[in-house]
Amino acid sequence: MSFETGLPLSADSPEASANQDAMPDTAPRSENRTPRADETAAKTEHFVPETPRHKRFEYNEADPFSGTADMKKADTPTLRAFALLEHLVAADGPVSLADIAHEVDAPKASLHRMLASLEAGGLVIREPGQKNAYVIGPRLAQLGLGVMMHSGARRLRHAILSRLVSDLGETCNLTMLHETEVLYLDRMEAPWPLRLDLKPGSHVPAYCSASGKLLLAMLPTQQRSILVRALQLERFTPNTITDPELLEAELDRVAHKGIAVDNEEFVVGIVCVAAPVIDEQNQCVAAIAVHAPVSRAPLSRALEFVPRLQDAAKELAKTF
């Protein structure tokens, strides 16, 4: 029926045709009819999901951590404990729980639980006589030494030491301070029959060796003074300094000159000269030294090696 005339629509009228086109096709379809082109296309066109591509990290020798940005941003209990250990390592002395809570972005209760776990594992200890003051423990110190002794940089350091021995013709060593003693990180012997048998990993007293006096001299003054007063200054030779005041005066001279000598203070007949290895943060991280018997290289001769020692120290600094 037409809304305008009120009469039934004719099958041939334009309005009837328009209404038929607009109505949905509800008539049953024969199974044998030929499908329309658009139906065929819809059936043959399948959705193929995009294959996910996995991110591939490549090792970059120039920047070993260039592909691990997500890893560095990770926040896990293990990494939080590691950050706490880094904080203690960087501190000049014992740090109280209150100081740690003030400087580290973590609840005090959480820090206390982490410190208790680390203390139980020997990674941190409480400084005697100071309530809740923490320092690195023996297990962590031993781990650090193991890293220094067996890191990938050891081969490069040994090559630098080998060239130095070839240039000077005398035995050279690379050392660092371990508690109150000098630890030999590496040592290269000169091809002479007269030598000291001190292999990497050996310890010698700090106060009567050139490297030890140098490493002590580079410590903060107050820390150095406390350490010197705590040392048992045993006499090894007639030249060993056993008076704490004389030793501190000697360390002041060493700090001013930037080099240290062992004038037959540890072993009679052996002299030694040491230079500091300074890293990018202007911290003394190690010492490099040359030693020889006085019969072959008296102290005046050994002091002539200082410029070459300092050159080697600059090369070694790049490996720390």
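Using full-length UniProt numbering, you'd call the opening residue of the sequence shown number 1 and step up by one each time. All C-beta atoms in this analysis are idealised placements derived from N, C-alpha and C, irrespective of residue type, glycine included.
Point to revise | Proximity of V290 and V273 at Cβ, strictly below 8 Å | key: As a working mapping, residue 290 is identified with position 290 in the sequence shown. As a working mapping, residue 273 is identified with position 273 in the sequence shown. In this structure, V290 places its C-beta atom within 8 Å of the C-beta atom of V273.
**Study point:** Buried versus exposed call for K213 [16 or more other C-beta atoms within 10 Å across all chains shown]
**Key:** Here residue 213 refers to the residue found at position 213 when the sequence shown is read from its first residue. With 16 or more other Cβ atoms within 10 Å, it is buried.
Check your understanding: Roughly how many angstroms lie between the CA atoms of S113 and A133, to the nearest whole one?
Key -> Here residue 113 refers to the residue found at position 113 when the sequence shown is read from its first residue. Here residue 133 refers to the residue found at position 133 when the sequence shown is read from its first residue. Correcting the residue type first, residue 113 is Arg in the shown sequence and not Ser. The straight-line gap from Cα to Cα measures roughly 15 Å.
Practice item. For the alpha helix (DSSP H) holding E315, just list the boundary residues, first then last. Key: As a position in the sequence shown, residue 315 is number 315, starting the count at 1. The continuous alpha helix (DSSP H) containing E315 extends over residues V306 to A317.
Practice item. Could you have a look at N106 and say whether DSSP puts it in helix, strand or coil? Key: For the purposes of this step, residue 106 is taken as the residue at position 106 of the sequence shown. For the record, residue 106 in the displayed sequence is Ala; it is not Asn. Residue state, collapsed to three classes: coil.
Point to revise | Proximal residues to E127 (C-beta, below 6 Å), its chain only, five neighbours per side dropped | key: On the sequence shown, residue 127 is found 127 positions in, with the first residue counted as 1. Leaving aside the five residues that flank E127 on each side, the residues in its chain whose CB is nearer than 6 Å to its CB run, in chain order, P94, A133 and V135.
Exercise for review: Within the same chain, show all residues whose beta-carbon is closer than 8 Å to that of L118, passing over the 5 residues directly before and after it, in chain order.
Suggested key: By one-based count along the sequence shown, residue 118 stands at place 118. Cβ contact annotation for L118 (same chain, cutoff 8 Å, sequence separation greater than five): A81, L84, L85, V124 and G137, in chain order.
Point to revise | Backbone secondary structure at S117 - three-state DSSP | key: By 1-based counting over the sequence shown, the position of residue 117 is 117. Note: S117 maps to helix in three-state DSSP.
**Study point:** N-terminal and C-terminal residue of the beta strand (DSSP E) that D262 is part of
**Key:** Counted from its first residue, the sequence shown places residue 262 at position 262. Start and end: A260 to N263.
Check your understanding: Among E234, Q281, E189 and Q222, which has the Cα closest to the Cα of A206?
Key -> Here residue 206 is taken as the residue at index 206 of the sequence shown, counted from 1. Scanning E234, Q281, E189 and Q222 for the CA closest to the CA of A206 turns up E234.
Point to revise | A98 classed as buried or exposed, judged by whether at least 16 other C-beta atoms fall within 10 angstroms | key: Position 98 of the sequence shown holds residue 98. It is exposed - the Cβ of A98 has fewer than 16 other Cβ atoms within 10 Å.
Exercise for review: Using alpha carbons as the reference points, say which of G169, K108, L174 and E170 lies closest to R155.
Suggested key: What you label residue 155 is simply residue 155 of the sequence shown in a count that begins at 1. Of the listed residues, the one whose Cα sits closest to R155 is L174.
Exercise for review: Could you round the C-beta distance between I288 and A312 to whole angstroms and report it? I think they count as a contact, below 8 Å.
Suggested key: Here residue 288 refers to the residue found at position 288 when the sequence shown is read from its first residue. Here residue 312 refers to the residue found at position 312 when the sequence shown is read from its first residue. Rounded, the Cβ-Cβ distance is 6 Å, consistent with contact.
**Study point:** Among P107, A286 and P293, the one whose alpha carbon lies nearest that of D262
**Key:** The residue given as residue 262 occupies position 262 in the sequence shown. When the alpha-carbon of D262 is set against those of P107, A286 and P293, the nearest one is in P293.
Review point. Can you name, in chain order, every residue of its own chain whose Cβ lies under 7 Å from the Cβ of R301, other than the five neighbours on each side?
Key: Looking up residue 301 in the sequence shown gives position 301. Counting only Cβ-Cβ distances below 7 Å, and skipping sequence neighbours, we find nothing.
Point to revise | Identity of the residue in T180, E170 and L177 nearest R187 by Cα | key: Numbered from 1 along the sequence shown, position 187 holds the residue referred to as residue 187. The candidate whose alpha carbon is nearest that of R187 is E170.
Practice item. Return yes when the Cβ of L227 is within less than 8 Å of the Cβ of C284, no when it is not. Key: Here residue 284 refers to the residue found at position 284 when the sequence shown is read from its first residue. Here residue 227 refers to the residue found at position 227 when the sequence shown is read from its first residue. In this structure, C284 sits away from L227, with a CB-CB distance that is not shorter than 8 Å.
Practice item. Below 8 Å on the Cβ atoms is my guess for I241 versus C208; work out the distance and round it to an integer in Å. Key: Residue mapping note: residue 241 aligns to position 241 of the sequence shown, counting from 1. Residue mapping note: residue 208 aligns to position 208 of the sequence shown, counting from 1. 7 Å between Cβ atoms; contact.
Point to revise | Contained alpha helix (DSSP H) runs [length at least 4] in the segment 219-262, N- to C-terminal order | key: For the segment 219-262, the continuous alpha helix (DSSP H) assignments of 4+ residues that do not extend past its boundaries occur at 221-230 and 244-257, in sequence order.
Review point. If you compare alpha carbons, which of L115, P244, E181 and D167 is closest to F305?
Key: One-based indexing of the sequence shown puts residue 305 at position 305. Comparing alpha-carbon positions, the option among L115, P244, E181 and D167 lying closest to F305 turns out to be D167.
Review point. Alpha carbon to alpha carbon, how far is G121 from R139?
Key: What you label residue 121 is simply residue 121 of the sequence shown in a count that begins at 1. What you label residue 139 is simply residue 139 of the sequence shown in a count that begins at 1. Distance between the alpha carbons of G121 and R139 is about 8 Å.
Exercise for review: Evaluate P298 with the Cβ neighbour count: other Cβ atoms within 10 Å of its Cβ, from every protein chain shown; 16 or more gives buried, anything less gives exposed.
Suggested key: For the purposes of this step, residue 298 is taken as residue 298 along the sequence shown, with counting starting at 1. Residue burial is scored here from C-beta neighbours: P298 has fewer than 16 other C-beta atoms within 10 angstroms and is therefore classed as exposed.
Review point. Looking only at C-alpha atoms, which of E189, E315, R224 and S202 sits nearest to E245?
Key: What you label residue 245 is simply residue 245 of the sequence shown in a count that begins at 1. Taking only the C-alpha atoms, the option nearest E245 is R224.
Exercise for review: May I ask which residues mark the beginning and end of the beta strand (DSSP E) holding T171?
Suggested key: The residue labelled residue 171 in the question sits at position 171 within the sequence shown. For T171, the enclosing beta strand (DSSP E) stretches over residues T171 to H178.
**Study point:** For K96: DSSP bridge partner residues
**Key:** On the sequence shown, position 96 is the one that residue 96 refers to. The question names Lys, but residue 96 is Ser in the sequence shown. S96 is bridged to A133.
Exercise for review: Please name the residue, chosen from R163, L111 and S211, that lies closest to E181 on a Cα-to-Cα basis.
Suggested key: Taking the first residue of the sequence shown as 1, we reach residue 181 at position 181. Ranking the options by Cα distance to E181, first place goes to S211.
**Study point:** Close-in-space but distant-in-sequence residues of the same chain around N239 (CB under 8 Å, 5 per side omitted)
**Key:** Along the sequence shown, read from residue 1 onward, the residue named residue 239 stands at position 239. Excluding residues within five positions, the ones whose Cβ falls inside 8 Å are N263, E264 and E265.
**Study point:** Helix, strand or coil at D167 [DSSP, three-state]
**Key:** Along the sequence shown, one-based indexing puts residue 167 at 167. Three-state DSSP puts D167 in a helix.
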